[in-house]
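First to last, the protein sequences are chains A and B. If you're matching positions, the first sequence starts at 1 in my numbering and goes up one per residue. If you're matching positions, the second sequence starts at 1001 in my numbering and goes up one per residue. Cβ atoms here follow ideal geometry from the backbone N, Cα and C, with glycine treated the same way. See below for the structure under consideration.
There are 2 protein chains.
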Amino acid sequence: MQIAALLYDDYTALDIVGPYEILSRLPETTFTFVAKGAGEMRSDTGALALVADRSLSDLAEPDVVVVPGGPGSSAAAQDPEIQAWVRKAAGSARYVASVCTGAEVLAAAGLLDGLEATTHWGARDTLAALGAVPVERRVVLHEKVGTAAGVSAGIDMALALTARLVSEDFAKALQLGIEYDPEPPFDAGSPDKVSPEVVALVRATLGGGAAAG
Amino acid sequence: MQIAALLYDDYTALDIVGPYEILSRLPETTFTFVAKGAGEMRSDTGALALVADRSLSDLAEPDVVVVPGGPGSSAAAQDPEIQAWVRKAAGSARYVASVCTGAEVLAAAGLLDGLEATTHWGARDTLAALGAVPVERRVVLHEKVGTAAGVSAGIDMALALTARLVSEDFAKALQLGIEYDPEPPFDAGSPDKVSPEVVALVRATLGGGAAAG
Chain A
1 MQIAALLYDD YTALDIVGPY EILSRLPETT FTFVAKGAGE MRSDTGALAL
51 VADRSLSDLA EPDVVVVPGG PGSSAAAQDP EIQAWVRKAA GSARYVASVC
101 TGAEVLAAAG LLDGLEATTH WGARDTLAAL GAVPVERRVV LHEKVGTAAG
151 VSAGIDMALA LTARLVSEDF AKALQLGIEY DPEPPFDAGS PDKVSPEVVA
201 LVRATLGGGA AAG
Chain B
1001 MQIAALLYDD YTALDIVGPY EILSRLPETT FTFVAKGAGE MRSDTGALAL
1051 VADRSLSDLA EPDVVVVPGG PGSSAAAQDP EIQAWVRKAA GSARYVASVC
1101 TGAEVLAAAG LLDGLEATTH WGARDTLAAL GAVPVERRVV LHEKVGTAAG
1151 VSAGIDMALA LTARLVSEDF AKALQLGIEY DPEPPFDAGS PDKVSPEVVA
1201 LVRATLGGGA AAG
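Right, dumping it as structure tokens:
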């Protein structure tokens, strides 16, 4: 199985490294970071760069596609080369999945038309404007396309996708491998769980990266 | 604040990208990936490379150090250049933290002597042999040194550390920003929660990466 992880300018790194850590370990699988051109791709903070090992034209028919979110997702949703690649890849792929605002890239390619989909809590209106039906869920998996909520939700999505692509036991083994037995120190992962001051702090101080990544 | 994330051969990517996604967003902070030499550093699967933007000698006095685990942690724990850097950095740093088997790198530098510490569930004996006191906890934070359990536990650790370094509200804002409201599809994140078959599957098929990363 060939899994392609799309990188574009100003992606949010955890969106894609969460799923990578799981999906790169599926049996008989090659996991490849791709971008318009091969080479270093900086994330939204500027402090991290992942290497795209192949260009889009060099990996045209992946079996699985994963698209991260980030401040650059709107530009990626409007980029003709990226859009052409996503549309073509979706035609032959077994599964196409997004994390966070990566859903906009899928929606712009017409993959979420009229379908329930999830994204970062701060980006549901944008997703609706692109023809999807935003829902407040952590992970939404349809038969060939799936979406995850903000940033860290890609881990949950990738485990659920692993159960579909391989088996439930294999997904559990990978979950155990990465010791994903979460104990967040606070119960603050959703806007309805925190004070208005904390929501304001996210919007005011973090910019597009974490707020809409 | 200058935060340095150590990369070495065969690290596990999520160990360090989880904390990066949080700690790189602290106020007035520069987050930098460092390695013995600047440049591309491949992770344990071979499918991912992060860029080390500075060399160890180029960033000798960070305020915070984060060390990931991975199959290469034992070699890093025995590497004289890495060990010298960790010891020197720890002397002046405000905080030194590890994720997963990165605890071995700290223990080898004498930072965990006689202290309770956590690591990947499959690596506690190794950590004990290096002088630490392994405990079955997700995150252990002492005054100047802290450890997290396997791979994904770095996210929990970084949020707890943020509360110490900045404030509880800021940590909550970052948790909300990355929408860390986990919903693992299975309850399989700890060896006591899965069948012996699943534990055997981790050990047999995943190798050092996910099993001891």
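Spatial distance of residue i from residue j (CA atoms)
i	j	result
valine 105(A)	alanine 4(A)	15 Å
alanine 1049(B)	arginine 138(A)	28 Å
alanine 1171(B)	glycine 39(A)	33 Å
threonine 1029(B)	proline 1196(B)	44 Å
proline 71(A)	aspartate 10(A)	6 Å
alanine 1210(B)	arginine 54(A)	Unreliable positioning characterises alanine 1210(B) in this predicted model, as indicated by a pLDDT of 44, which lies under 50. The coordinate reading is nonetheless provided below. Going by the C-alpha atoms only, they are around 25 Å apart.
leucine 174(A)	proline 27(A)	11 Å
glycine 1089(B)	glutamate 1136(B)	Checking the sequence shown, residue 1089(B) turns out to be alanine, not glycine. Their backbone Cα atoms lie some 27 Å apart in a straight line.
valine 133(A)	glycine 1110(B)	54 Å
arginine 1124(B)	glutamine 2(A)	35 Å
valine 1166(B)	isoleucine 1022(B)	12 Å
valine 198(A)	glycine 1131(B)	41 Å
aspartate 79(A)	tyrosine 8(A)	10 Å
arginine 1094(B)	valine 1064(B)	6 Å
arginine 1164(B)	glycine 1154(B)	15 Å
histidine 1142(B)	threonine 1162(B)	14 Å
threonine 1032(B)	alanine 1158(B)	15 Å
threonine 1126(B)	threonine 1147(B)	15 Å
alanine 108(A)	leucine 6(A)	15 Å
alanine 1188(B)	valine 17(A)	20 Å
leucine 1056(B)	histidine 1120(B)	26 Å
aspartate 1169(B)	glutamate 168(A)	37 Å
Contact check, residue i vs residue j, beta carbons under 9 Å
i	j	result
valine 67(A)	valine 51(A)	no
glycine 1069(B)	aspartate 1113(B)	no
glycine 1177(B)	arginine 1025(B)	yes
valine 96(A)	proline 19(A)	no
tyrosine 180(A)	valine 1140(B)	no
proline 1185(B)	proline 182(A)	no
serine 1043(B)	alanine 1013(B)	yes
threonine 118(A)	alanine 160(A)	no
methionine 41(A)	alanine 35(A)	yes
Exposure label - residue i; buried when at least 16 CB within 10 Å
i	result
leucine 201(A)	buried
alanine 1129(B)	exposed
alanine 1084(B)	exposed
threonine 1045(B)	buried
lysine 1144(B)	exposed
valine 1116(B)	This sequence places glutamate at residue 1116(B); valine is not what is there. Counting Cβ neighbours within 10 Å, glutamate 1116(B) comes out exposed, since fewer than 16 surround it.
glutamate 1081(B)	exposed
aspartate 156(A)	buried
glycine 1091(B)	exposed
alanine 1204(B)	exposed
glycine 37(A)	exposed
Would you check if there are 3 or more beta carbon pairs closer than 8 Å linking the stretch 1052-1072 of chain B to the stretch 1183-1196 of chain B?
-> no
message = Contact between the stretch 1071-1081 of chain B and the stretch 1096-1105 of chain B is defined here as three or more beta-carbon pairs at a separation below 8 Å; is this criterion met?
response = Touching, yes, given that three or more Cβ pairs across the two stretches are closer than 8 Å.
| message | Which complete alpha helix (DSSP H) runs does the stretch 67-127 of chain A hold, if anything under 4 residues is left out? | response | 73-77, 80-92 and 102-108
Quiz item: Which ranges would you report for the beta strand (DSSP E) in the stretch 19-57 of chain A if only whole runs of at least 3 residues count?
Solution: 30-35, 39-42 and 49-52
Alpha helix (DSSP H) runs wholly inside the stretch 131-171 of chain A, at least 4 long, in chain order
153-165
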